[in-house]
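Input: a single structure, listed below in structure tokens.
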Amino acid sequence: GGHSLGGAMAARFAYQNPDIIQGLVLWAAYPADSNNLSGRNLDAASIYGTLDSLATPEKIEASKALLPSDTTWVAISGGNHAQFGWYGDQQGDNSAQVSRQEQQDQIVEATLALLAELK
522 GGHSLGGAMA ARFAYQNPDI IQGLVLWAAY PADSNNLSGR NLDAASIYGT
572 LDSLATPEKI EASKALLPSD TTWVAISGGN HAQFGWYGDQ QGDNSAQVSR
622 QEQQDQIVEA TLALLAELK
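According to this note's numbering, the sequence shown is numbered sequentially starting from 522.
Below, the structure is given as structure tokens:
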């Protein structure tokens with residue numbers, strides 16, 4: 522899995538290597554149209570912030586057709602793009618309405634839940 526462009530690249534890797542990838546976690550990210558994973562036997566989770574102005578909730582919603590139908594979708598209320606990491610504010614991003622620690626706690630919880638499902 523990965524965050525932002527790292528998530529898009531993880532989705533690409535999963536698309537190109539279906540025999541070795543069992544799960545995918547996307548943090549404020551979505552697959553490119555050319556990496557359609559909807560028909561794959563893959564445990565997936567998409568975790569995003571409702572105030573993310575880069576990987577917007579609208580873009581995440583539009584990506585649903587590219588991921589397996591049983592993908593877990595986790596919306597972090599008040600979360601933004603930059604608080605998926607510790608690199609400070611990001612140009613063009615909205616201000617978060619939740620603390621960085623609270624956002625990251627939710628990210629970790631959802632990620633661990635997906636990892637626990639892997640066979």
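All C-beta atoms in this analysis are idealised placements derived from N, C-alpha and C, irrespective of residue type, glycine included. What you are looking at is a predicted structure, and each value in this text was computed from that prediction instead of being measured.
query                                                                                               : result
Straight-line Cα distance separating Ala576 from Tyr551                                             : 8 Å
Sufficient close CB pairs (3 or more, under 8 Å) joining the stretch 536-551 to the stretch 562-577 : yes
Residue environment, Val595, which counts as buried when at least 16 other CB atoms sit within 10 Å : buried
Thr632: first and last residue of the uninterrupted alpha helix (DSSP H) it sits in                 : 621-638
Contact set for Gly523: own chain, Cβ-Cβ below 6 Å, skip 5 residues either direction                : Ala531
Top-ranked residue by Cα proximity to Asn557, from Trp607, Phe534, Ile628                           : Phe534
Separation of Leu572 from Ser616, as counted between CA atoms                                       : 7 Å
Residue environment, Trp607, which counts as buried when at least 16 other CB atoms sit within 10 Å : exposed
Short Cβ contact (8 Å threshold) for Phe605 with Ala566                                             : no
Rounded distance between the beta-carbons of Gln624 and Ile581, thought under 8 Å                   : Between Gln624 and Ile581 the Cβ distance is about 15 Å, and since that is not below 8 Å, they are no contact.
Per-residue burial, Leu636 [other beta carbons within 10 Å of its own, 16 or more giving buried]    : exposed
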